[in-house]
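First residue of the sequence shown: 2, per my numbering; consecutive thereafter.
We put the CB at the ideal spot given by N, CA and C, even for glycine.
One structure is given here, and the rest of the page talks about it.
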Amino acid sequence: MGQHDVPDLLEVLNLRQVAPSAFEGRNAALDLPRVFGGQLAAQALVAAARTVPAAQVPQSLHATFLRPGLPQAPNRFAVEHVRDGRTRSTRSVAVTQHGREVVRLTAGFGAPASGMTHQTPPPDAGKPEDAPTLYETIADEGGPTGLWTGFDAVELRVAPSAAGPASRGLVWMRAAGTLPDDPVVHAAVLCYASDLTLLSSALVPHGLRLGRERDHSHAWDTVSLDHALWFHHIPRADEWFLFDQHSPVASHGRALGTAHVYDSAGELVATVTQEGLLVGTPLP
2 MGQHDVPDLL EVLNLRQVAP SAFEGRNAAL DLPRVFGGQL AAQALVAAAR
52 TVPAAQVPQS LHATFLRPGL PQAPNRFAVE HVRDGRTRST RSVAVTQHGR
102 EVVRLTAGFG APASGMTHQT PPPDAGKPED APTLYETIAD EGGPTGLWTG
152 FDAVELRVAP SAAGPASRGL VWMRAAGTLP DDPVVHAAVL CYASDLTLLS
202 SALVPHGLRL GRERDHSHAW DTVSLDHALW FHHIPRADEW FLFDQHSPVA
252 SHGRALGTAH VYDSAGELVA TVTQEGLLVG TPLP
C-alpha cells in the first residue's frame, strides 16, 4: 500500500470520465478493511459537480452508505440529472463496485446570491498552531488505535474544549499541502475531512478519547450510515478550518454526530450531521 498524502488524494479525486454522465476512480492508498466513506462521498460530489455549469458551486449533499466498499475494487459513478435550473441544479449519484451500489449521494448546486446574513459565533479554540496534533494528545498512551494510521492527506489538531457538553470536541483540520484553485476540489476535501472525527464524539461521554477508542473490554469503531453536509461558503481547504462537533445522542447501537465548521476568520462555512453504527470488538 502506498502513501496517502495530498498528491494521492488529488489523484483519487481526479475522476476519469467514461461517458457524458459517468466517471470512474480508484481508492486511496489506505490500509483499511473497507473503503473510507469520506473518500467515496467526496468522489461522488466531484462527479456530480462535473455535470453542472461552472458558475454553480456545491451547496449541499446527502450520502447514504449502503454496503462496505472493497479497497481493491474500482469505483464507478453514474450521475442522474434530477433537475437543471437557471441558477440551481440537483444531481443523484450511484456509486457502484462490480455492479453493486455502495453509496447513493444527492447533491445540490447553486450560483452565489446576496441576501440577509447571520451565524452562530465560533467557540474560543485558540490558534491551530498552538493545538497539539492528534498523535501528541495520545502519545503517552502508546499512540493511535483502530483505523487512524495513514490519513496523512489531512493535518489534524485537537483544541481544548473549555465549555459545552461532555461530548463536545474542537478539532482543527486542513489539507497537508497546497490544493489547486478549484472550488469543487476544496469542497470535496472538506467533505472528505468531515468523515474523519465526527462520530468519534459519540465515544467521549463514555470515557474514550479521539484516537484511543477502546475501554477495558472492547475496541470501538464507528461505521457511517448516512452523512449530510451543507456548504454555507466554500473555504480553502488547505487553510485551517475548525470542527465544533458533538454527539447529542447514542442509542440502540447507533450514534448521531453534528458539527459547525468555521474557517480561521470565524466564518461559519459548513454544517455537517452524520449517523453511524457503534461497533465494539471484544479485546483478548
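Return yes when the Cβ of residue j is within less than 7 Å of the Cβ of residue i, no when it is not.
i	j	result
residue 155	residue 174	yes
residue 26	residue 44	yes
residue 13	residue 178	no
residue 273	residue 236	no
residue 194	residue 158	no
residue 33	residue 96	no
residue 1	residue 30	Any property of residue 1 remains undetermined from this structure, which presents the chain solely from 2 to 285.
residue 49	residue 228	no
residue 275	residue 199	yes
residue 230	residue 62	yes
residue 265	residue 241	yes
residue 176	residue 238	yes
residue 245	residue 233	no
Going by DSSP, name the residue or residues bridged to residue i.
i	result
residue 1	The first residue shown for the chain is 2 and the last is 285, placing residue 1 beyond what the model contains.
residue 92	82 and 108
residue 274	229 and 259
residue 224	278
residue 252	255
residue 246	170 and 260
residue 18	24
residue 1	As displayed, the chain neither begins before 2 nor continues past 285, which places residue 1 out of reach and without an answer.
residue 269	263
Ordered along the chain, which non-local residues of its own chain (more than five positions away) have a Cβ less than 6 Å from that of residue i?
i	result
residue 243	126, 173 and 263
residue 196	38 and 39
residue 337	This structure cannot settle anything about residue 337, because the visible part of the chain is limited to 2 through 285.
residue 10	154
residue 18	24
residue 259	274
residue 123	263 and 267
residue 129	158, 173 and 241
residue 107	63 and 93
residue 209	none
residue 119	none
residue 54	none
residue 89	111
residue 109	60, 61 and 91
residue 69	35
To which residues of the same chain is residue i closer than 7 Å at the C-beta, ignoring the five residues directly before and after it?
i	result
residue 83	91, 92 and 93
residue 67	102, 103, 104 and 105
residue 286	The first residue shown for the chain is 2 and the last is 285, placing residue 286 beyond what the model contains.
residue 21	none
residue 248	168, 202, 203, 256, 257 and 258
residue 184	58 and 235
residue 16	24, 25, 26, 44, 47, 48 and 78
residue 99	74
residue 254	278 and 279
residue 163	Note that residue 163 has pLDDT 48, beneath the 50 cutoff, so the model's placement of it is unreliable and no number is given.
residue 1	Coverage of the chain is limited to positions 2 through 285, which leaves residue 1 absent and any answer about it impossible.
Leaving out the 5 sequence neighbours to the left and right, which residues in its chain are closer than 8 Å to residue i when beta-carbon positions are compared?
i	result
residue 72	28, 31, 33, 34, 35 and 36
residue 81	22, 92, 93, 94 and 95
residue 180	7, 11, 186, 187, 190, 237, 238 and 239
message: Does the region 105 to 123 come into contact with the region 44 to 60, if we say contact requires no fewer than three beta-carbon pairs (one atom in each stretch) closer than 8 Å?
response: Note that the region 105 to 123 touches the region 44 to 60; at least 3 beta-carbon pairs, one per stretch, sit closer than 8 Å.
- request: Could you tell me which uninterrupted alpha helix (DSSP H) segments, each at least 4 residues in length, are contained entirely in the region 50 to 79, listed from first to last along the chain?
  value: none
query: Mind pulling the alpha helix (DSSP H) runs of 4 or more residues that sit fully within the region 171 to 213?
result: 184 to 194
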